[in-house]
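Following the working numbering, the numbering of the sequence shown begins with 9 at its first residue and continues without gaps. Note that beta-carbon positions come from the ideal geometry of N, C-alpha and C, so glycine has one too. As the structure is a prediction and not an experimental result, all values here were calculated from the model.
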Amino acid sequence: MLKLTKRTEYGLIALMHLADRGGEVLSVRSIGEYYSMPQRLLAQTLQDLSHSGLVQSQRGAGGGYSLAQAPNAITIGAVVQALEGEPGLTSCHELPAIGQGSVCGIESLCPIRSPLDRIRDGIWALLQGTTLQSLADSTLTPRELFTVPSTSPTEATKS
């Protein structure tokens with residue numbers, strides 16, 4: 009079902025670690041050893057986050073990575089976008105993102121596309137509205153974390 013890739017999990021963990029260290033430049037090795045992560049995968053992940061402007065890299069002796077933005081400016085959605093692209097729930101959501109267009113023969117008649125679009129949009133809004141800082145502060149209660157915009161006023165009053 010909906011699941012972040014290992015790369016995204018490692019990326020989020022590394023970003024949280026960098027945020028916790030308050031601007032300190034940390035090596036891939038130090039982060040990888042601290043969390044027992046594969047250093048090659050972590051290095052590739054941090055390079056992608058660097059290309060996306062979420063971390064900055066410093067070369068040479070004492071080099072490594074630090075956050076390029078404040079933790080309250082980095083959203084989980086930005087991390088997911090940098091490492092995975094926008095989330096999709098069905099193959100019709102994913103095909104346009106990889107340049108294949110839609111190959112579904114029932115797209116215009118599909119009874120699940122619109123409801124699943126709303127679910128996907130709610131998940132994406134949640135990811136875009138959640139920052140590293142809010143994760144670090146544990147400011148989100150479980151109810152806030154899993155509150156997704158309802159599709160109708162009557163559904164909103166049922167909860």
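Excluding the 5 residues flanking it on each side, Q136 has same chain C-beta neighbours closer than 7 angstroms at T83, G85, in chain order. In the three-state DSSP reduction, Q66 falls in the strand class (E or B).
Shown here for L54: same chain residues with a beta carbon closer than 7 angstroms to its own, the five before and five after excluded, namely A22, V36, V63, Y73 in chain order. When the Cα atoms are used, Q47 and I114 turn out to be separated by approximately 44 angstroms. In the DSSP assignment, G40 falls outside any beta strand (DSSP E) and within the unbroken alpha helix (DSSP H) covering 36-43. The beta carbons of L97 and L134 sit no closer together than 8 angstroms.
Assignment of S58 by DSSP, reduced to helix, strand and coil, places it in the helix class. Exposure of L10 is indicated by the presence of fewer than 16 other C-beta atoms within 10 angstroms of its C-beta. A51 and A69 have their alpha carbons spaced roughly 16 angstroms apart. Within the DSSP secondary-structure output, Y73 pairs in a beta bridge with L34, S65. Counting every other CB atom within 10 Å of its CB across the protein chains shown gives P119 a total below 16, marking it as exposed. Looking at the DSSP output, T139 shares a beta bridge with T83.
CA-to-CA, the gap between V88 and L117 works out to about 31 angstroms. Residue range 14-28 is occupied by the alpha helix (DSSP H) that includes E17.
Between the alpha carbons of S99 and E17 lies a gap of roughly 23 angstroms. Counting every other CB atom within 10 Å of its CB across the protein chains shown gives T13 a total below 16, marking it as exposed.
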